[in-house]
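Everything on this sheet refers to the single structure shown next.
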Amino acid sequence: MIAARTLTKSFQVKGGATVEAVKGIDVTVPRGQAFGFLGPNGAGKSSTMRIVACTSPRSGGDLAILGLDPERDGVRIRDRLGVVPQQDNLDEELTVTENLYIYARYFGFSRAYCRAKATELLEFAQLTEKATAKVTALSGGMKRRLTIARALVNDPDLLLLDEPTTGLDPQARHVVWDRLFRLKQQGVTLVLTTHYMDEAEQLCDRLVVMDHGLIVAEGSPAELIARYSTREVVELRFEPGAQLMAQPVAEALVDRLEVLPDRLLLYTPHGDATLEAVAAAGIEPAATLVRRSTLEDVFLHLTGRSLVE
Amino acid sequence: MDQQLSGTVAVRSHGATHPVTAWTYRVRVWEYLMRQWRPYFVSGIAEAVGGPLLYLLALGLGLGSLISSRGTAVLGGVRYVDYIAPALLCAAALQIAFSECSFGAFGRIKWQRTLWGITSTPVTPEVAADAHVMYISTRLGLSAVLYYLVLLAFGAAGGPAGVLMIPIAVLTAMSVGVWILALSAVLDDDAPTAFNLVLRFGVIPASLFSASFFPISQLPWAVRWLAVASPLWHGNELARDAALGGLPGWQVTMHLVVLVALLVAVSRWRGGGSGSGWRPDMAWQASDRVAVTESTGQAPRDAPHPRAGASGELLLRIIPVRMYAGRSHVVMERSLHTSRTFKWTLISGFFEPLFYLLAMGAGMGSLIGTVQGPTGPVAYAAFIAPGLLATSAMNGAVFDSTVNVFFKLRYAKTYDAMLATSLGPMDVALGEIGWALGRGAAYAVTFEIVMAAMGLLYSPWAALAVPGAILIAFGFAAVGMAICTFLRTFQHLDWVTMSLMPMFLFSTTFYPLDVYPRAVQILVECLPLYHGIELIRGLTLGAVDVSMLGHAAYFVVMAVVGVAVTARRLERLLLT
Numbered sequence: 095m096i097a098a099r100t101l102t103k104s105f106q107v108k109g110g111a112t113v114e115a116v117k118g119i120d121v122t123v124p125r126g127q128a129f130g131f132l133g134p135n136g137a138g139k140s141s142t143m144r145i146v147a148c149t150s151p152r153s154g155g156d157l158a159i160l161g162l163d164p165e166r167d168g169v170r171i172r173d174r175l176g177v178v179p180q181q182d183n184l185d186e187e188l189t190v191t192e193n194l195y196i197y198a199r200y201f202g203f204s205r206a207y208c209r210a211k212a213t214e215l216l217e218f219a220q221l222t223e224k225a226t227a228k229v230t231a232l233s234g235g236m237k238r239r240l241t242i243a244r245a246l247v248n249d250p251d252l253l254l255l256d257e258p259t260t261g262l263d264p265q266a267r268h269v270v271w272d273r274l275f276r277l278k279q280q281g282v283t284l285v286l287t288t289h290y291m292d293e294a295e296q297l298c299d300r301l302v303v304m305d306h307g308l309i310v311a312e313g314s315p316a317e318l319i320a321r322y323s324t325r326e327v328v329e330l331r332f333e334p335g336a337q338l339m340a341q342p343v344a345e346a347l348v349d350r351l352e353v354l355p356d357r358l359l360l361y362t363p364h365g366d367a368t369l370e371a372v373a374a375a376g377i378e379p380a381a382t383l384v385r386r387s388t389l390e391d392v393f394l395h396l397t398g399r400s401l402v403e
Numbered sequence: 017m018d019q020q021l022s023g024t025v026a027v028r029s030h031g032a033t034h035p036v037t038a039w040t041y042r043v044r045v046w047e048y049l050m051r052q053w054r055p056y057f058v059s060g061i062a063e064a065v066g067g068p069l070l071y072l073l074a075l076g077l078g079l080g081s082l083i084s085s086r087g088t089a090v091l092g093g094v095r096y097v098d099y100i101a102p103a104l105l106c107a108a109a110l111q112i113a114f115s116e117c118s119f120g121a122f123g124r125i126k127w128q129r130t131l132w133g134i135t136s137t138p139v140t141p142e143v144a145a146d147a148h149v150m151y152i153s154t155r156l157g158l159s160a161v162l163y164y165l166v167l168l169a170f171g172a173a174g175g176p177a178g179v180l181m182i183p184i185a186v187l188t189a190m191s192v193g194v195w196i197l198a199l200s201a202v203l204d205d206d207a208p209t210a211f212n213l214v215l216r217f218g219v220i221p222a223s224l225f226s227a228s229f230f231p232i233s234q235l236p237w238a239v240r241w242l243a244v245a246s247p248l249w250h251g252n253e254l255a256r257d258a259a260l261g262g263l264p265g266w267q268v269t270m271h272l273v274v275l276v277a278l279l280v281a282v283s284r285w286r287g288g289g290s291g292s293g294w295r296p297d298m299a300w301q302a303s304d305r306v307a308v309t310e311s312t313g314q315a316p317r318d319a320p321h322p323r324a325g326a327s328g329e330l331l332l333r334i335i336p337v338r339m340y341a342g343r344s345h346v347v348m349e350r351s352l353h354t355s356r357t358f359k360w361t362l363i364s365g366f367f368e369p370l371f372y373l374l375a376m377g378a379g380m381g382s383l384i385g386t387v388q389g390p391t392g393p394v395a396y397a398a399f400i401a402p403g404l405l406a407t408s409a410m411n412g413a414v415f416d417s418t419v420n421v422f423f424k425l426r427y428a429k430t431y432d433a434m435l436a437t438s439l440g441p442m443d444v445a446l447g448e449i450g451w452a453l454g455r456g457a458a459y460a461v462t463f464e465i466v467m468a469a470m471g472l473l474y475s476p477w478a479a480l481a482v483p484g485a486i487l488i489a490f491g492f493a494a495v496g497m498a499i500c501t502f503l504r505t506f507q508h509l510d511w512v513t514m515s516l517m518p519m520f521l522f523s524t525t526f527y528p529l530d531v532y533p534r535a536v537q538i539l540v541e542c543l544p545l546y547h548g549i550e551l552i553r554g555l556t557l558g559a560v561d562v563s564m565l566g567h568a569a570y571f572v573v574m575a576v577v578g579v580a581v582t583a584r585r586l587e588r589l590l591l592t
């Protein structure tokens with residue numbers, strides 16, 4: 095569905111300086127996969143998504159989407175894409191139903207199809223009761239669902255979602271995830287960006303971790319954890335600042351250790367054993383926690399920084 | 017990361033817990049508003065000086081030369097330029113107040129949403145509204161001073177008491193402005209349409225009938241009440257009295273009372289109902305408490321994809337496919353869905369020419385008599401009617417293609433959404449321009465019906481005036497939208513309006529070209545509106561020759577260049 099080689103994107107900013115948002119990435123997404131771009135703000139995720147959505151020409155490299163070149167066949171590719179932008183750009187001058195209907199019309203479908211599709215997608219997005227409401231009267235979660243529904247009016251072969259659940263409350267996120275699961279089951283290829291590890295673990299078959307415009311790791315969530323982290327993590331929580339006192343002692347206990355503002359993370363295959371060793375070494379944290387490794391730990395390992403700061 | 021967050025400790029003024037009064041906050045918000053206006057200070061000065069210069073030259077001298085030839089006894093024996101100068105000052109202040117109170121204030125509430133940030137501090141919406149009144153009054157005051165100085169330089173500022181025109185103009189403009197400000201606070205999505213209606217049915221007729229350009233004694237009795245009902249008339253009378261004198265004391269008092277009452281009444285209304293101010297809390301009203309219900313059934317993916325046939329296949333072959341999908345009609349379909357006020361276009365299309373033709377044709381006509389048209393002397397109304405038709409074609413097209421498009425381009429992100437589908441920039445450009453033309457056509461038809469009813473069509477060629485007006489609208493809409501893609505803030509839109517005004521004044525709308533020296537004539541002949549007016553006037557008066565093709569060609573070129581530039585610019589702006 096997507097084949098990119100040494101893809102780059104640079105912008106001219108005010109003052110003449112050039113910012114390289116994407117510095118040469120290779121990405122291949124086969125049909126039916128749920129693929130994720132993981133990374134902090136400014137990693138180049140959204141720039142990559144806009145290139146794939148054919149609303150932003152690449153600066154360099156080779157790119158084929160659905161077997162076509164966006165440079166030449168932008169309109170034909172977009173005809174088969176569904177795009178959920180980072181910020182909802184619903185049409186506030188239209189009602190909820192009209193948003194779906196008119197958007198479908200943009201693709202050139204017949205009026206009858208657009209009416210039927212709008213009704214069907216209202217159901218899908220659980221917005222049937224809001225059919226005649228103005229978009230401005232919707233909550234953030236409802237708007238997000240409507241934006242996702244809108245991206246489905248053309249039964250896209252490829253659905254692009256830029257941070258689909260950023261800014262939503264946990265309940266609203268689960269509703270969105272549920273809808274995306276259903277699409278995945280139906281065989282729709284999903285490409286999404288996120289800086290939430292739980293979202294990536296929930297939805298993605300495969301993902302790449304991006305940082306500073308480059309891909310720093312690639313694989314399935316489980317592979318990445320196996321490759322870049324240990325099985326378990328011991329978290330030692332301290333008063334902010336006190337963790338630095340315990341750091342030299344703790345460092346001797348494990349191969350890898352990360353220092354955060356209020357805690358130490360000890361990477362170990364056996365959490366409980368390490369915790370005992372910590373107590374034996376005389377470290378007295380305010381609280382302790384043994385947990386499994388997550389993508390957050392992978393990211394810390396790869397970049398030395400947290401995803402969500 | 018573990019450093020102290022509070023390196024700079026917040027010290028509140030005067031060191032006390034609640035030391036500040038509401039006035040402190042008013043002044044601070046006023047200061048903010050003044051600061052955000054600063055980038056436009058220079059253009060504001062240009063506007064305040066250029067406006068009166070243009071009006072005095074065009075109306076005072078151009079129109080004045082027509083009027084003086086018949087005598088000015090009805091004006092009280094003063095020169096025409098002296099007669100209109102105080103009214104021009106008031107009208108200019110009203111114009112600025114309208115712009116600031118409508119799109120300016122509304123933008124801060126709804127589009128940029130800066131006021132939502134401000135009112136999440138101790139500043140209340142009421143205080144912010146007061147600060148707006150203070151800021152707009154300041155702006156008006158500065159502009160009025162500059163305007164007065166220009167009048168002074170022209171010798172059109174009256175006696176020493178003429179300086180009182182400055183506070184009078186500010187008072188007049190604010191007595192209307194506060195009501196528009198209140199409107200901005202309560203309106204939601206339909207605001208641009210509402211402002212347009214206020215302009216067309218409020219500000220413009222008020223400017224026409226309020227003894228600005230001729231005494232209301234020139235009007236039929238039936239329409240004099242329009243003047244009396246207009247705050248601008250009260251302001252004009254006061255300002256003219258300050259400059260020229262001659263008004264009895266009781267009338268001065270009455271005018272003042274009316275203006276002050278208008279100003280005070282709105283604050284009662286604002287304070288009275290808590291529902292009338294805008295409510296920042298609305299955005300956070302939690303309505304997203306939708307239960308996570310089990311999903312039922314599957315969205316069918318086997319729905320057929322019947323595509324409507326792509327129109328304009330010839331164009332498709334010329335324009336690269338990444339620019340154009342041959343589907344601009346769906347962009348127009350969207351406009352039709354959003355335009356719940358389409359009937360207002362028709363209604364204002366009917367009333368606007370009526371206002372203008374009554375005011376300028378009847379009111380001014382009785383001062384002027386006949387003018388030399390292309391076919392010999394014609395009644396003044398018949399002379400200006402085609403000019404007004406061409407001008408309104410221009411105004412409508414420019415409004416639709418700038419203000420409306422600017423909003424969708426910069427704030428609503430409507431075009432971002434369109435270009436994420438299989439539409440190209442050319443579809444968007446043609447669709448939006450096409451919509452402007454559709455409205456322009458409906459408007460021109462009603463305008464011409466009014467002209468016919470008033471007996472102002474002198475030739476069967478007049479049947480072509482509607483297509484002519486559509487062509488004019490096409491040219492202006494295309495160029496207007498192209499320019500719109502270069503604009504960044506809504507104040508830039510004022511520049512567009514500023515450039516329309518001299519065109520309107522000098523393009524032979526109100527008097528023939530020969531009142532100017534040859535050098536100015538050549539300048540005027542370069543303006544697009546001049547060609548539009550000549551085209552329509554030739555058709556309605558029956559002076560048709562080969563030069564009509566030249567005038568039409570001007571607009572064909574504008575249309576082609578405008579569409580091409582717009583599509584390129586949309587691609588650069590949205591597909592980067």
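If you read the protein sequences in the order shown, they are chains A and B.
Sequential numbering from 95 applies to the first sequence in my numbering.
Sequential numbering from 17 applies to the second sequence in my numbering.
All C-beta atoms, glycine included, are put in the ideal place defined by N, C-alpha and C.
Can you tell which of the options has the C-alpha that lies nearest to the C-alpha of residue i?
i, options, result
"residue 316 of chain A", "A:381, A:363, A:387", "A:387"
"residue 557 of chain B", "B:396, B:390, B:433", "B:390"
"residue 80 of chain B", "B:92, B:518, B:98, B:64", "B:98"
"residue 223 of chain B", "B:202, B:207, B:189", "B:189"
"residue 463 of chain B", "B:344, B:481, B:474, B:450", "B:481"
"residue 364 of chain B", "B:347, B:394, B:412, B:376", "B:412"
"residue 209 of chain A", "A:198, A:218, A:219", "A:198"
"residue 440 of chain B", "B:582, B:428, B:164", "B:582"
"residue 161 of chain A", "A:154, A:122, A:132", "A:122"
Would residue i be called buried (16 or more neighbouring beta carbons within 10 Å of its own) or exposed?
i, result
"residue 54 of chain B", "exposed"
"residue 507 of chain B", "buried"
"residue 248 of chain A", "buried"
"residue 208 of chain B", "buried"
"residue 366 of chain A", "exposed"
"residue 233 of chain A", "buried"
Please indicate yes or no: does the CB of residue i lie closer than 7 Å to some heavy atom of the ligand ADP?
i, result
"residue 40 of chain B", "With respect to the ligand ADP, the structure shown offers nothing to examine, as it has no ligands at all."
I need the DSSP call for residue i, collapsed to helix, strand or coil.
i, result
"residue 122 of chain A", "strand"
"residue 355 of chain A", "coil"
"residue 96 of chain A", "strand"
"residue 408 of chain A", "The first residue shown for chain A is 95 and the last is 403, placing residue 408 of chain A beyond what the model contains."
"residue 491 of chain B", "helix"
"residue 247 of chain A", "coil"
"residue 288 of chain A", "strand"
"residue 279 of chain A", "helix"
"residue 470 of chain B", "coil"
"residue 218 of chain A", "helix"
"residue 339 of chain B", "coil"
Checking the sheet assignment: what are the DSSP bridge partners for residue i?
i, result
"residue 127 of chain A", "According to DSSP, which records beta bridges pairwise, residue 127 of chain A is partnered with nothing at all."
"residue 367 of chain A", "DSSP, once it has assigned bridges, lists no residue as partnering residue 367 of chain A."
"residue 102 of chain A", "A:117, A:154"
"residue 304 of chain A", "A:309"
Checklist entry - If you pair each beta-carbon of the stretch 117-126 of chain A with each one of the stretch 270-285 of chain A, do three or more pairs fall below 8 Å? => result Output reads yes: the stretch 270-285 of chain A touches the stretch 117-126 of chain A.
Next on the checklist: Under 8 Å, with one C-beta from each stretch per pair, do the stretch 168-180 of chain B and the stretch 237-249 of chain B reach the 3-pair mark?
Outcome noted: With a cut-off of 8 Å, the stretch 237-249 of chain B and the stretch 168-180 of chain B do not count as touching, because too few Cβ pairs lie within range.
Checklist entry - Would you call the stretch 323-333 of chain A and the stretch 371-391 of chain A touching, i.e. three or more CB-CB distances under 8 Å? => result As far as the Cβ criterion goes, the stretch 323-333 of chain A touches the stretch 371-391 of chain A, which means the pair count is three or higher.
Checklist entry - Using 8 Å as the Cβ pair cut-off and three pairs as the minimum, do the stretch 121-130 of chain B and the stretch 252-265 of chain B touch? => result Three or more Cβ pairs closer than 8 Å define a contact, and the stretch 121-130 of chain B falls short of that threshold against the stretch 252-265 of chain B.
Item to check | Cβ contact check for the stretch 563-580 of chain B and the stretch 483-497 of chain B: 3 or more pairs under 8 Å | outcome: Enough Cβ pairs lie closer than 8 Å, so yes.
Item to check | the stretch 209-218 of chain B touching the stretch 362-381 of chain B, judged by at least three CB pairs closer than 8 Å | outcome: Here the stretch 209-218 of chain B lies against the stretch 362-381 of chain B, with 3 or more beta-carbon pairs under 8 Å apart.
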